Amino acid sequence: QVQLQESGPGLVKPSQTLSLTCTVSGVSINSGSHHWTWIRHLPGKGLEWLGDIYYSGSTYSNPSLKSRLSISIDTSRNHFSLSLRSVSAADTATYYCARENVYGSSAFDSWGQGTLVIVSS
Amino acid sequence: QSALTQPPSVSGSPGQSVTISCTGSSSDVGLYNRVSWYQLPPGTSPKLLIFEGSSRPSGVPDRFSGSKSVNTASLTISGLQAEDEADYYCSSYTTSSTVIFGGGTKLTVL
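Read top to bottom, the protein sequences are chains A and B.
If you use the working numbering, the first sequence corresponds to residues 1 to 121, in order.
If you use the working numbering, the second sequence corresponds to residues 122 to 231, in order.
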């Protein structure tokens, strides 16, 4: 059974970089069968797709974040990561990593438990 | 990219049916069969209910069904149960090779 687990600091200062890692177990991240995705839930607001990555390293990102966002993958460690630069209070959210259920479906069937990241000095 | 449009709230009594709409455009919902629906109970991770417009993952009851007409997708929950009370989100793939979500709909079971 596939499991995803986010890890990273829960508190980041404004203007700094938010870095999170998603460790995947139960399936090989380089199987080529899924995209691996970051999504956040803004407090009092909705879900926001941040971007995804394929085992080959190809990525797609939300245009509203593209200049600040990087997503990388480490197939040897079976994990993928997010880096969001120059954060502000508007980036305070619960961050989820997720797996696309079938390649090309853009649907996410397995999610991490989510990690709350607060941007504050 | 603008979010898909969902009603902020819907409600229904146990046993009834409710439908949640999700309106996009010809660049997302209307163009692709890649609409998904998620249930988000308080304090838990989202759960995939519907993918590719009308397909259900294994384990999702057939009380949940999805459909689409032009630029609007719909999620229908029949035989409403108290445990269905949650927030529901739709999403769609777009011509920009991204995914956009709806603003979410709060379902209240009366």
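Where a beta carbon is used, it is the ideal one built from N, C-alpha and C, also for glycine.
Quantities reported herein were computed from a predicted structural model and do not represent experimental measurements.
Residue i and residue j closer than 8 Å at C-beta
i	j	result
L199(B)	G187(B)	In the sequence under discussion, the amino acid at residue 199(B) is Ser, which differs from the Leu named in the question. Going by C-beta atoms, S199(B) is not nearer than 8 Å to G187(B).
S15(A)	G8(A)	no
R83(A)	S64(A)	Here residue 83(A) is Ser; the residue named in the question, Arg, does not match the sequence. The answer is no: Cβ separation not under 8 Å.
I73(A)	Y95(A)	no
A124(B)	G46(A)	yes
R99(A)	H34(A)	yes
Y214(B)	R177(B)	no
F185(B)	L169(B)	no
F108(A)	I29(A)	no
S157(B)	C211(B)	yes
A89(A)	V117(A)	no
G223(B)	T140(B)	no
Beta carbon proximity, residue i to chain A, threshold 8 Å
i	result
E173(B)	yes
L228(B)	no
S166(B)	yes
Y232(B)	One cannot answer for residue 232(B) here, as it falls past the ends of chain B, which runs 122 to 231.
V181(B)	no
V220(B)	yes
R155(B)	yes
A124(B)	yes
S217(B)	yes
P178(B)	yes
L169(B)	yes
G151(B)	no
G223(B)	yes
Any chain B beta carbon closer than 8 Å to residue i
i	result
W111(A)	yes
E48(A)	yes
G10(A)	no
S70(A)	no
G114(A)	yes
A107(A)	yes
N78(A)	no
Y96(A)	yes
R60(A)	The residue you asked about is not Arg; residue 60(A) is Tyr in the sequence shown. It does; some Cβ of chain B falls within 8 Å.
N30(A)	no
Rounded distance between the beta-carbons of residue j and residue i, thought under 8 Å
i	j	result
G114(A)	E6(A)	7 Å
P128(B)	T226(B)	5 Å
L232(B)	D205(B)	No answer is possible for residue 232(B): the residues shown for chain B start at 122 and end at 231.
S166(B)	W36(A)	At roughly 15 Å, the Cβ-Cβ gap does not stay under 8 Å, so S166(B) and W36(A) are not in contact.
T229(B)	S132(B)	4 Å
T219(B)	N62(A)	6 Å
S105(A)	E173(B)	6 Å
L231(B)	S134(B)	5 Å
Backbone secondary structure at residue i - three-state DSSP
i	result
D109(A)	strand
A124(B)	coil
E100(A)	strand
D208(B)	strand
D91(A)	helix
Contact with chain E by residue i, beta-carbon distance below 8 Å
i	result
P63(A)	The chain inventory of the structure shown lacks chain E, comprising the protein chains A and B.
Worksheet item: Any contact of the stretch 196–210 of chain B with the stretch 23–34 of chain A, i.e. 3+ C-beta pairs under 8 Å?
Response: no
Practice prompt. Mind the definition here: the stretch 34–50 of chain A touches the stretch 136–150 of chain B only if three or more C-beta pairs lie below 8 Å; say whether that holds.
Written response: no
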